[in-house]
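In this note's numbering, the protein residues as written are 158 to 313.
Heads up, the beta-carbon is just placed ideally off N, CA and C, and yes, glycines get one too.
All values reported here derive from a predicted model rather than from experimental measurement.
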């Protein structure tokens with residue numbers, strides 16, 4: 158069986174249980190060309206979840222991005238929060254997005270759904286050390302490392 162490159166959760170017991178608290182807002186580091194490198198999610202229990210990417214060598218010169226999750230304090234260079242609509246306080250679905258190849262599998266994205274059926278997608282970008290976000294509240298280019306149809310969706 159091919160090795161699995163997992164999310165790096167740095168001591169977080171359950172990303173799922175954190176997200177189930179609901180999302181009250183977000184902050185991003187940039188909307189400039191080449192994409193953003195970090196998103197901060199402000200959760201219903203007043204914690205902040207920082208999400209960014211790292212690159213891992215797989216076979217030969219091939220690299221794949223995986224997501225990194227960190228719980229951070231408000232004073233840790235966290236940008237100002239942009240509030241989200243009330244619907245995001247009720248997270249109804251969370252899925253890992255896996256890249257599955259012959260030589261490896263990688264946890265390279267996350268999809269979050271709310272009770273209105275809206276989807277919030279965070280994936281590694283085609284641009285190195287960048288993330289891509291597709292959501293009703295973020296507008297701009299969406300350049301994932303792989304087409305969304307390439308990812309295997311795994312409920313968590």
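Taking 8 Å as the upper bound for CB-CB distance, residue 306 and residue 265 are not in contact here, some 14 Å apart.
For residue 164, the number of other beta carbons within 10 angstroms of its own is at least 16, and it is reported as buried. Less than 7 Å divides the Cβ of residue 278 from the Cβ of residue 291. In the three-state scheme derived from DSSP, where H, G and I count as helix and E and B as strand, residue 177 is classed as coil. One alpha carbon belongs to residue 271, the other to residue 247, and they sit about 6 Å apart. The residue among 261, 159, 194 with its C-alpha nearest the C-alpha of residue 282 is 194. Listed in chain order, the non-local C-beta contacts of residue 287 below 6 Å within the same chain comprise 192, 194, local neighbours out to five positions each way being set aside. Exclusion of the five residues before and after residue 160 leaves 261 as the residues of its chain whose Cβ lies within less than 6 Å of its Cβ.
Beyond the five residues adjoining it in sequence on each side, residue 244 comes within less than 7 Å, by CB distance, of 271, 272, 273, 275 in the same chain, given in chain order.
About 11 Å separates the CB atoms of residue 269 and residue 200; that is not less than 8 Å, and the two are not in contact. Cβ-Cβ distances below 7 Å link residue 240 to 181, 182 in the same chain, with the five nearest sequence neighbours on each side left out; the list follows chain order. A distance below 7 Å between beta-carbons, with the five flanking residues on each side excluded, links residue 303 to the following residues of its chain, in chain order: 256.
Distances from the alpha-carbon of residue 252 to those of 166, 308, 162, 230 put 308 closest.
Shown here, residue 241 sits in coil according to DSSP, grouped into three states, outside any helix or strand. Ranking 169, 184, 179 by CA distance to the CA of residue 294 puts 184 first.
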